[in-house]
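Contents: one structure, followed by commentary.
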Amino acid sequence: MTETKMIPLNKLDADPKNVRKTYRAESVAELAASILANGLLQNLVVRPGDKKGRFFVTAGGRRLAAFQHLAEKGQLEKGLLIECKQHEAEAATEISLTENVMREAMHRADEFEAFLALAEAGKTPKQIADRFGTTELIVNRRLALARVAPSLFALYRHDEMSFEQLAAFTISDDHARQVEVWENLPSYNRQPHYIKNMLTREEVPASDKRVDFIGGLDAYEAGGGTVRRDLFDGDKGGYATDSGLLDRLVMTKLEELAAPIRAEGWKWVEVHTERPDDIFRLGRVYPERQELSEADQARLDQLSEDYDSLAELIEAGAADEDAESKLEKIEAEMDTLQNAQEAFTAEDIAKAGAYVYLDWYGKLEVARGMVRDADEAEPEQTEDAQGEDNSEEKGPAPVVLKHSATLVEDLTAQKTAALRVELANNPDIALAAVVHALLLDCAYSYAGELSGLQIKLTYERHEGPMKKPEDCKPALAFADMQENWGHHIPGNPADLWEWCLDKTRDELLSLLAYAAAHSLNAMEPKFNARQKGVTHAGEVGKALNVDMGNWYETTGDNYFSHLNRTSIQAAVAEVRGADFADGVAAMKKAEAVEYAHKAVKGSGWLPEPIRIPQDEADTAEVHEFLQAAE
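Just so we're aligned, residue 0 is where the sequence shown starts under numbering that gives the first Met the number 0, counting upward by one.
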């Protein structure tokens with residue numbers, strides 16, 4: 000028998016026989032807001048409780064929780080009378096199960112349209128959010144979903160489109176374009192990110208390095224740009240709709256940052272949004288060592304003492320709260336003084352220039368000392384009317400460092416081994432290198448030679464050209480890496496695919512780096528037909544910030560013993576100067592090798608074939624070491 004009665008809220012308890020025990024806090028809050036706005040739309044079902052005058056709520060546990068939530072917040076009286084339907088205790092579990100199992104939830108499409116109807120009736124997103132106990136963001140998302148092209152929304156209603164796909168279309172309000180994108184994408188390739196990419200093809204995402212460089216989408220908007228926000232991509236989601244304006248803002252900021260570089264007096268300064276294509280083809284001059292004034296040196300010495308003292312206090316936990324900021328200021332001043340110890344000559348500045356550009360990661364990069372072919376100094380020469388050369392009698396021709404093809408193979412094979420180890424330890428650079436190589440094949444014609452990676456993973460063993468692979472540090476390191484991975488990769492190749500599917504993104508990135516490292520090739524064989532690829536392999540090394548000094552030390556045994564005396568003399572002259580090298584020509588080969596070995600020991604000097612681009616920038620440090628040794 001069922002009867003309706005009014006029961007005070009504080010006399011109602013959750014029924015232990017209710018099949019539903021748990022309710023989400025967000026769901027309770029949303030229902031509470033609805034009850035506050037619209038009242039109770041469906042009666043509670045109760046049965047007599049264990050104590051006289053109290054009742055168990057058999058059906059409507061979430062509604063009870065919502066009432067109790069409002070009472071706790073002081074928005075309803077705890078003794079408020081609630082309309083309830085009373086059933087016998089024997090039917091409690093059956094009633095609870097019937098209500099929760101037989102009830103069919105509203106399709107989310109109906110929910111989105113209901114929110115849209117409220118908006119079209121004049122309700123603001125805030126009013127709707129307050130009424131249903133949710134946030135304005137959620138309301139705006141639901142409204143955007145309901146406003147997708149009707150034909151696409153119908154597909155979602157009939158479960159022919161996923162929620163994620165529908166959400167992707169909210170990035171645009173152009174119904175015709177939405178339908179066009181859906182129809183043009185193949186049925187097997189309608190992932191949400193493809194949909195977004197198609198709808199925003201002419202726009203620039205907030206994640207673009209240019210947007211980040213100028214200070215984000217807010218800075219772009221402040222510069223007069225319009226933004227298309229992505230409601231489903233967090234606070235940073237969105238697109239700059241005017242790529243031309245974005246590029247102008249980037250160039251404006253780059254020009255501002257380039258102003259102090261121009262003030263240095265360079266012959267030319269160019270600003271680029273990306274690294275210039277010819278940067279590695281130009282010549283380059285480097286700063287020379289400069290002595291600090293007595294005052295600056297004294298200041299640097301004092302700062303060094305202050306730095307050490309403050310660092311000790313911080314490490315011991317005895318420093319004040321401003322210690323870290325003080326340490327940063329000291330470090331900045333030390334950097335300024337130390338940088339002043341190197342400077343370009345006036346002659347170099349007069350003929351060289353600088354590039355100011357954004358690197359791969361969107362950070363400012365300044366390349367000083369770049370020399371164009373036309374600006375290279377020409378040797379001065381005078382001739383009389385008969386064309387006879389009247390210049391002073393020339394001295395002996397300078398000795399030239401020459402490497403045999405066999406030695407070049409040896410050195411570049413060792414460089415290759417080192418690059419492979421470094422690449423295998425850097426998944427991010429490996430991923431960029433692989434993507435680069437793949438794009439050369441798929442987006443361009445006959446451009447595969449530009450990559451240092453032999454991407455088909457056909458690779459040459461670096462041990463072959465080496466004279467003593469057992470003594471090659473990077474070769475041994477790479478062999479250890481191969482052995483380690485060999486313990487994890489399935490022995491049966493038929494099992495490899497399923498094994499890969501079980502790996503995390505980080506694990507797959509590590510595997511990608513390991514596989515890509517096999518393909519990296521900087522070797523220069525006797526008959527080299529891939530010079531551009533070798534050059535790019537060096538660029539990969541530069542991106543990896545590889546210090547070949549960690550992998551190779553120039554010695555008499557591994558290098559000088561493979562040169563003739565003329566080349567030994569030229570190598571020593573490059574490191575220690577022509578005067579120091581003069582005596583080599585009169586020495587026996589064994590004596591010259593030993594002499595050269597001692598001359599370069601500890602200097603960090605590397606033969607040209609084994610260097611990578613940044614090694615050349617360290618020449619000043621080598622000379623500093625040698626001057627100190629003398």
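Even for Gly, the Cβ is constructed at its ideal location relative to N, Cα and C. Since we're looking at a predicted model, the values are computed, not measured.
Check the Cα spacing between Leu418 and each of Lys328, Glu311, Tyr551: the tightest is with Tyr551. For Thr57, the secondary structure class from DSSP, reduced to helix, strand or coil, is strand. For Gln289 and Val583, the gap between their C-alpha atoms comes out near 30 Å. Annotated three-state conformation of Thr3 is strand, per DSSP. In the structure shown, the three-state DSSP call for Gln177 is helix. If you ignore the 5 residues before and after Ala591, its C-beta comes within less than 7 Å of the C-beta of Arg564, Ile567, Val583, all in its own chain and listed in chain order.
As summarised for the region 214-261, the continuous alpha helix (DSSP H) elements at least 4 residues long and confined to that stretch are 216-221, 242-261, given in chain order.
Rounded to whole angstroms, Gln177 and Ser33 show a C-alpha spacing of 34 Å. Secondary structure of Gly352 (DSSP, three-state): strand.
Boundaries of the beta strand (DSSP E) around Val45: 43-47. A distance of 8 Å or more separates the beta carbons of Arg247 and Tyr238. Comparing alpha-carbon positions, the option among Glu304, Gln337, Val270, Glu320 lying closest to Ala353 turns out to be Val270. Contact between Tyr356 and Glu273 holds, since their C-beta atoms are separated by about 6 Å, short of 8 Å. For Arg200, DSSP assigns no beta-bridge partner whatsoever. Asp12 is bridged by DSSP to Phe55.
In the displayed model, Met333 falls within a helix according to three-state DSSP.
In the assembly as shown, Ala148 is a buried residue. Its beta-carbon has 16 or more other beta-carbons within 10 Å. By alpha-carbon distance to Arg261, the top candidate from Ala167, Arg200, Gln190, Gly368 is Gly368. Assignment of Ala342 by DSSP, reduced to helix, strand and coil, places it in the strand class. Your pair Leu302 and Met333 checks out as a contact, with CB atoms roughly 5 Å apart and the cut at 8 Å. A direct Cα-Cα distance of roughly 11 Å separates Gly215 from Leu245. When rounded, the separation of the alpha-carbon atoms in Thr415 and Leu519 is 7 Å. Note on Lys195: 16 or more other CB atoms within 10 angstroms of its CB, so buried under the neighbour-count rule.
For Arg367, the uninterrupted beta strand (DSSP E) segment begins and ends at 363-370. Beta-bridge analysis with DSSP links Gln85 to Glu2, Val45. Using a Cβ-Cβ distance cut-off of 8 Å, the region 602-609 and the region 397-417 are in contact, since at least three pairs of beta carbons, one from each stretch, lie closer than that value. Rounded to the nearest angstrom, the gap between the Cα atoms of Arg610 and Val545 is 10 Å. In the three-state reduction of the DSSP assignment, Val583 falls in the helix class. Assigned with DSSP and collapsed to three states, Val398 falls in coil, not helix or strand. Exposure of Gly316 is indicated by the presence of fewer than 16 other C-beta atoms within 10 angstroms of its C-beta. In the structure shown, Glu269 falls within a strand segment according to DSSP collapsed to helix, strand and coil. Within the same chain, Leu312 come within 6 Å of Ala318 by CB-CB distance, once the 5 residues on both sides are set aside.
By the neighbour-count definition (other C-beta atoms within 10 Å, threshold 16), Asn549 is an exposed residue. About 5 Å separates the CB atoms of Val56 and Leu43; that is less than 8 Å, so the two are in contact.
Contact check for Gly264 and Ile137: beta-carbon distance about 59 Å, past the 8 Å limit, so the pair fails to qualify. Cβ neighbours of Leu299 within its own chain (closer than 6 Å, five residues either side excluded): Leu336.
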